[in-house]
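Undergrad: Mind looking over this structure? Questions follow.
Protein chains: 2
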Amino acid sequence: MRILVTSGGTSEKIDDVRAITNHSSGKLGKAIVESFAKDQVIVDLITTRLAVKPEGPTINLHYIETTADLEKKLKELMTTHSYDAVIHSMAVSDFTPESSVTLEDLESAIALQTDLPTTLLEIANKRTTKKISSDTDHLVIVLKKNPKIISLIKKLQPQTILVGFKLLVDVPMIELLNVAKESLEKNHADFILANDLTEIHGEKHHGYLINQQQKVKEAHTKTEIAELIKKEIMALEGTR
Amino acid sequence: MRILVTSGGTSEKIDDVRAITNHSSGKLGKAIVESFAKDQVIVDLITTRLAVKPEGPTINLHYIETTADLEKKLKELMTTHSYDAVIHSMAVSDFTPESSVTLEDLESAIALQTDLPTTLLEIANKRTTKKISSDTDHLVIVLKKNPKIISLIKKLQPQTILVGFKLLVDVPMIELLNVAKESLEKNHADFILANDLTEIHGEKHHGYLINQQQKVKEAHTKTEIAELIKKEIMALEGTR
Chain E
1 MRILVTSGGT SEKIDDVRAI TNHSSGKLGK AIVESFAKDQ VIVDLITTRL
51 AVKPEGPTIN LHYIETTADL EKKLKELMTT HSYDAVIHSM AVSDFTPESS
101 VTLEDLESAI ALQTDLPTTL LEIANKRTTK KISSDTDHLV IVLKKNPKII
151 SLIKKLQPQT ILVGFKLLVD VPMIELLNVA KESLEKNHAD FILANDLTEI
201 HGEKHHGYLI NQQQKVKEAH TKTEIAELIK KEIMALEGTR
Chain A
1001 MRILVTSGGT SEKIDDVRAI TNHSSGKLGK AIVESFAKDQ VIVDLITTRL
1051 AVKPEGPTIN LHYIETTADL EKKLKELMTT HSYDAVIHSM AVSDFTPESS
1101 VTLEDLESAI ALQTDLPTTL LEIANKRTTK KISSDTDHLV IVLKKNPKII
1151 SLIKKLQPQT ILVGFKLLVD VPMIELLNVA KESLEKNHAD FILANDLTEI
1201 HGEKHHGYLI NQQQKVKEAH TKTEIAELIK KEIMALEGTR
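First to last, the protein sequences are chains E and A.
Position 107, counted from 1, in the first sequence is what this note's numbering calls 107; the numbers after and before it change by one each time, with no gaps.
Add 1000 to a position in the second sequence, counting from 1, and you land on the number used in this note's numbering.
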């Protein structure tokens, strides 16, 4: 058995010294990897330098930084190996910086009445310095949408068991489950682990695992979530 | 002798899961602290969880995350202890996120023809969700200027020896030295260590230390920079 896991959070460059980062310790991904690795499953883990790392003889680490790196690495691995399951727990930036301009730049761009993102990108590209000057009261960063990495997975390997993650912040349980269900359907996932940032405190980690039959199972710690995901993947694989 | 050092890079929250971070490993700060600590100097180090940490019996660590945290901690320490020198090597965010809106929000704000940053802040504050939705093609983050932390230091302790840092990216040497000189004068620093990101590779680290008499000394590694700063501080203190 061979699985692919992603963990940690991507980081998107604003300029040579600044980046937008997604917080993620990588602890849940570590727990998941270790849960499989103790059963001698071969694990490819795509993660970041800052995330905590699992260790074991069957674990292969692959480092990435940006969403674009993740896409490239995922495609490379998924066209080289066949995976029984892909567990995509990485916090991926939905957006990446496209242009950074001053408020004054924004105001001149508005006056031109052309397509704003395009004009701002032209202004930013004309700037010759590589680090944005701090001689302005307001800085404006325009971000463009990143491709949705999770939607690539079933396109690359329709037979793999896909576990996606949905993290929201301080929402009612019903909303959390509805958003998770939507993500499951849109991305052809087999499971979505839905969790709320306000219910994560160290090892305590409240999560709901929903499947395509809309059955919901609950777990209360990172270890419980890891074991639940493994159990459900094994059970689903057993029925195939 | 007691000194205050800052190292690492600040991180400014965009929302509950995203932040703008300034890259800085903290390695140069570590080298500086260790250079003083080996001479039994008491060092207060303000740093971040992600930065590499020096160790030693005379080193006190103080953790911060944002520029606002740094300001608070600096004021607290500098009103409690008297420092022979303050070495401010931390990469501090010049800007902090004020509002995050969609491109559609920006367009409606522009139509109102009111003060743009204020209107965008109002729009952002009206939003009820704590994590920005990804259902938009472009996201716009407006950042406002942070207070300049370095300018506080001589106000709090006019007698301390202040070493500031100036990091630019891929600029000619003369420009680098001119910008450093400007910073030295504006912030009443005794020394500025000027360096260029393109000349930093692991332990190799090219830096120029300029003083109030506009004398420039050069160093080529982190250890050399640390030793140079210590030597110059000790020499200046000796003349007082």
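Even glycine gets a Cβ: it sits at the ideal position worked out from N, Cα and C.
Are the C-beta of A:T1021 and some C-beta of chain E separated by less than 8 Å?
TA: Yes - at least one Cβ of chain E is within 8 Å of the one on A:T1021.
Undergrad: Which value, in whole angstroms, describes the spacing of the CA atoms of E:R127 and A:A1109?
TA: 26 Å
Undergrad: Apart from the five residues just before and just after A:I1064, which ones in its own chain have a Cβ nearer than 7 Å to its Cβ?
TA: Closer than 7 Å at Cβ, skipping near neighbours: I1046, T1048, L1070 and K1073.
Undergrad: Does the CB of E:A189 have a neighbour CB from chain A at under 8 Å?
TA: no
Undergrad: Who are the Cβ neighbours of E:V168 in its own chain at under 6 Å, not counting the five residues just before and after it?
TA: Correcting the residue identity first, residue 168 of chain E is Leu in this sequence and not Val. Within the same chain, L176 and D196 come within 6 Å of E:L168 by CB-CB distance, once the 5 residues on both sides are set aside.
Undergrad: Counting only runs of 4+ residues fully inside the segment 1144–1231 of chain A, write out the alpha helix (DSSP H) ranges in chain order.
TA: 1150–1156 and 1173–1186
Undergrad: Here's the rule I'm using: 16 or more other beta-carbon atoms within 10 Å means buried, otherwise exposed. How should E:E232 be labelled?
TA: E:E232 is buried by the Cβ-count criterion.
Undergrad: Let's see if you can read the secondary structure: which residues bound the alpha helix (DSSP H) around A:I1123?
TA: L1116 to K1126
Undergrad: In three-state DSSP terms, what is E:S108?
TA: helix
Undergrad: When burial is assigned at 16 or more other CB atoms within 10 Å of the CB, is E:T10 buried or exposed?
TA: buried
Undergrad: Report the neighbours of A:A1095 on chain E: residues whose CB is nearer than 7 Å to its CB, in chain order.
TA: Note on identity: in this sequence residue 1095 of chain A is Phe, with Ala being the wrong assignment. In chain order: L139.
Undergrad: Taking one C-beta from the segment 3–23 of chain E and one from the segment 209–217 of chain E each time, how about it: are there three or more such pairs within less than 8 Å?
TA: no
Undergrad: I'd like the span of the beta strand (DSSP E) that includes E:I87, first residue to last.
TA: Counting along the chain, the beta strand (DSSP E) containing E:I87 begins and ends at A85 to H88.
Undergrad: Between the segment 135–144 of chain E and the segment 169–189 of chain E, are three or more C-beta pairs nearer than 8 Å?
TA: no
Undergrad: Taking Cβ-Cβ distances shorter than 8 Å, what residues in chain E pair up with A:V1179?
TA: Simply none; closest approach about 10 Å.
Undergrad: In whole angstroms, what is the alpha-carbon distance linking E:G29 and A:A1068?
TA: In a straight line, the C-alpha of E:G29 is about 32 Å away from that of A:A1068.
Undergrad: At 7 Å on the CB atoms, spell out the chain E contacts of A:P1158, in chain order.
TA: Those do not exist, as A:P1158 stays about 25 Å from chain E at its closest Cβ, beyond 7 Å.
Undergrad: In whole angstroms, what is the alpha-carbon distance linking A:V1101 and A:I1042?
TA: 46 Å
Undergrad: Check whether chain A comes within 8 Å of E:A85, counting only Cβ atoms and requiring the distance to be less than that.
TA: no
Undergrad: Can you tell which of A:A1226, A:L1143, A:V1171 and A:V1086 has the C-alpha that lies nearest to the C-alpha of A:R1002?
TA: A:V1086
Undergrad: Tell me E:G9's beta-bridge partners as DSSP assigns them.
TA: E:A91
Undergrad: Starting from the Cα of A:S1007, find the closest Cα among A:I1014, A:A1037, A:D1044 and A:H1206 and give me that residue.
TA: A:D1044
Undergrad: Rounded C-beta distance between E:L143 and E:T96? I'm assuming under 8 Å.
TA: 6 Å
Undergrad: Take the Cβ of A:P1147 as the centre, count every other Cβ of all protein chains shown within 10 Å, and call the residue buried at 16 or more, exposed below.
TA: Sixteen is the threshold: since fewer than 16 other Cβ atoms of the shown chains lie within 10 Å of the Cβ of A:P1147, the residue is exposed.
Undergrad: Answer yes or no: do E:I210 and E:A235 have a C-beta to C-beta separation smaller than 8 Å?
TA: no
Undergrad: Name the DSSP bridge partner or partners of E:D44?
TA: E:L4 and E:N60
Undergrad: Contact defined as beta carbons within less than 8 Å: I believe E:E237 pairs with E:I161. What is the distance between those atoms, to the nearest angstrom?
TA: Contact flag correct, Cβ pair sits at about 7 Å.
Undergrad: Pick out whichever of E:T239, E:L103 and E:K166 has its Cα sitting closest to the Cα of E:D135.
TA: E:L103
Undergrad: How should E:A124 be labelled, buried or exposed, when 16 other C-beta atoms within 10 angstroms of its C-beta is the threshold for buried?
TA: buried
Undergrad: Here's the rule: buried if 16 or more other CB atoms are within 10 angstroms of the residue's CB, otherwise exposed. What is E:A111?
TA: exposed
Undergrad: Quick one, which residues of the segment 1105–1127 of chain A are near chain E if we go by CB-CB under 8 Å, in chain order?
TA: The residues in question are L1106, E1107, I1110, L1116 and P1117.
Undergrad: What's the C-alpha gap between A:K1013 and E:S25?
TA: 16 Å
Undergrad: Beta carbon of A:R1107, beta carbon of A:L1121: below 8 Å?
TA: Rather than Arg, the amino acid found at residue 1107 of chain A in this sequence is Glu. A:E1107 is not a Cβ neighbour of A:L1121, given a cutoff of 8 Å.
Undergrad: Leaving aside the five residues before and after E:K166 along the sequence, list all residues of the same chain whose C-beta is less than 8 Å from its C-beta, in chain order.
TA: L176, V179, A180, S183, I192, L193, A194 and N195
Undergrad: With 8 Å as the threshold, decide whether the Cβ of A:A1037 is near any Cβ in chain E.
TA: No, no contact with chain E.
Undergrad: Is the shortest distance between the beta-carbon of A:I1042 and the beta-carbons of chain E less than 8 Å?
TA: no
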